[in-house]
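Read through the structure below, which is laid out as structure tokens, and then see the notes.
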Amino acid sequence: MRVTMTVNGEPATADDVWEGESLLFVLRERLALPGSKNACEQGECGSCTILLDDVPVCACLVAAGQAADREVVTVEGLAGRLGPGLHPVQQAFLDAGAVQCGFCTPGLIMQACDLLRRTAGVPGDPDIREALAGNLCRCTGYEKILDAVRLAAMRMAGDVA
Amino acid sequence: MTAVTGGSGPVVIENCAIATMDGRQHDDSGAEHRINPQAVEGQIQGGIAQGLGLAVMEEIQVSDGVVRNPSFTDYLIPTILDMPPVRLDVLELADPRAPYGLRGVGEPPTISSTPAVVAAIRAATGRDLTRVPVRPEHITAT
Numbered sequence: 049m050r051v052t053m054t055v056n057g058e059p060a061t062a063d064d065v066w067e068g069e070s071l072l073f074v075l076r077e078r079l080a081l082p083g084s085k086n087a088c089e090q091g092e093c094g095s096c097t098i099l100l101d102d103v104p105v106c107a108c109l110v111a112a113g114q115a116a117d118r119e120v121v122t123v124e125g126l127a128g129r130l131g132p133g134l135h136p137v138q139q140a141f142l143d144a145g146a147v148q149c150g151f152c153t154p155g156l157i158m159q160a161c162d163l164l165r166r167t168a169g170v171p172g173d174p175d176i177r178e179a180l181a182g183n184l185c186r187c188t189g190y191e192k193i194l195d196a197v198r199l200a201a202m203r204m205a206g207d208v209a
Numbered sequence: 005m006t007a008v009t010g011g012s013g014p015v016v017i018e019n020c021a022i023a024t025m026d027g028r029q030h031d032d033s034g035a036e037h038r039i040n041p042q043a044v045e046g047q048i049q050g051g052i053a054q055g056l057g058l059a060v061m062e063e064i065q066v067s068d069g070v071v072r073n074p075s076f077t078d079y080l081i082p083t084i085l086d087m088p089p090v091r092l093d094v095l096e097l098a099d100p101r102a103p104y105g106l107r108g109v110g111e112p113p114t115i116s117s118t119p120a121v122v123a124a125i126r127a128a129t130g131r132d133l134t135r136v137p138v139r140p141e142h143i144t145a146t
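Keeping their order, the protein sequence lines are chains A and B.
So my numbering is basically just the index in the first sequence, starting at one, shifted up by 48.
So my numbering is basically just the index in the second sequence, starting at one, shifted up by 4.
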């Protein structure tokens, strides 16, 4: 089947999509967007987190057909959204040292973006932990991921440069 | 050399759930100076997370040659909800036996944090606890 959707603000079409094909497969293998990572394929690790109509979902658990005529944002679409350059969450992950091997990073960034979009000001640590509880990270021990989300929140609230 | 303080109550045991508190790590990891301070800290924090996982969660269960828990559904690793804040004091002491005084940083906290957590559970429960991961039944003896 043919699936059309909006991906990172642009219309996108994928042909010959199998009915059981995941949105993640379509993004990575048909639309050349490998930023969303393919790891557990069962919604346990959060590495494939994207925004579907502004709601974070595991792209591995969404059938591609379910995304038809809807709006998808992947990590590739973040840079430039809130001004030139990287998204503040991306920049904060770099600056805080929240990236080690990097495999969980796109999913965590998408999830963090969602948290900060629906949070006024700087969220407390329990809120950050709750929001990111579905994203597994093997390398960092999460400490610098917390640092990054706090830093991004403060920058987006205008508290620090 | 790496030491993790443990054994004097940095764990809380409640309803057979183990919460680790205050994973304070002392690591003389650097040579005279850390080449990348942020990465040094990240390696230590990440190593502690893996050691904590081994202490109370992570175990590949095999029976008749089949791995019984081949997914993140039943092979658990620490999530951001499981990790305590990790406060670090990095001591920049050169290793006199190594070229340029170099020291590694990733493995020591991974290895040392597991016995530190288990020592703390021993202290809190009075049980021997001779294997990891420590499971609820090892504490309740049921």
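Glycine residues also receive a C-beta, built at the ideal position from the N, C-alpha and C atoms.
Since the structure is predicted, the reported quantities are computational estimates derived from the model, not experimental observations.
Between Ala200/A and Val137/A, the beta carbon gap of about 4 angstroms places them in contact (Cβ cut-off 8 angstroms).
Using a CB distance below 7 angstroms, the part of the segment 76 to 100 of chain A facing chain B consists of Cys88, Gln90, Glu92 and Cys93, ordered along the chain. Separation of Tyr104/B and Asn40/B (C-alpha to C-alpha, rounded to the nearest whole angstrom) is 16 angstroms. Counting the other CB atoms within 10 Å of its CB gives Ala80/A a total below 16, which places it among the exposed residues. Excluding residues up to 5 positions away in sequence, nothing lies with its Cβ nearer than 8 angstroms to the Cβ of Leu85/B in the same chain. Against Thr188/A, the close residues of chain B are Gly46, Gln49 and Gly50, in the order they occur along the chain (beta-carbon pairs closer than 7 angstroms).
Within the segment 126 to 153 of chain A, complete alpha helix (DSSP H) segments of at least 4 residues are found at 136 to 144, given in chain order.
Between the alpha carbons of Pro82/B and Ala53/B lies a gap of roughly 7 angstroms.
The beta carbon of Gly155/A sits no closer than 8 angstroms to any beta carbon of chain B. Looking at the DSSP output, Pro104/A shares a beta bridge with Leu99/A. Non-local beta-carbon contacts of Arg72/B in its own chain, meaning distances under 6 angstroms to residues more than five positions away in sequence, involve Gln65 in chain order.
For Val109/B, the secondary structure class from DSSP, reduced to helix, strand or coil, is coil. Looking at the DSSP output, Pro140/B bridges to nothing. For the pair Leu134/A and Gly155/A, the Cα-to-Cα distance works out to about 16 angstroms. Excluding five sequence positions before and after Cys185/A, the CB atoms of its chain that fall closer than 6 angstroms to its own CB belong to Cys152, given in chain order. Pairing Gln47/B with Trp66/A, the inter-Cα distance amounts to about 42 angstroms.
Cβ contact annotation for Cys106/A (same chain, cutoff 7 angstroms, sequence separation greater than five): Gly91, Gly94, Cys96 and Thr97, in chain order. About 5 angstroms separates the CB atoms of Thr118/B and Ala59/B; that is less than 8 angstroms, so the two are in contact. Taking CB atoms only, Gly145/A has a neighbour in chain B less than 8 angstroms away. CA-to-CA, the gap between Ala112/A and Thr54/A works out to about 12 angstroms. By the Cβ neighbour-count rule, His142/B is buried, with 16 or more other Cβ atoms within 10 Å of its own. Less than 8 angstroms separates the beta-carbon of Arg76/A from that of Asn86/A. Leu71/A is outside the set of residues whose beta carbon lies under 8 angstroms from a beta carbon in chain B. For Ala62/A, not one C-beta of chain B is nearer than 8 angstroms to its own C-beta.
The residues Arg118 and Glu119, in chain order, have a CB closer than 6 angstroms to that of Asp101/A in the same chain once the five nearest residues on each side in sequence are set aside. If you draw a 10 Å sphere on the C-beta of Leu72/A, you find 16 or more other C-beta atoms in it, and that means buried.
For Ser67/B, the secondary structure class from DSSP, reduced to helix, strand or coil, is strand.
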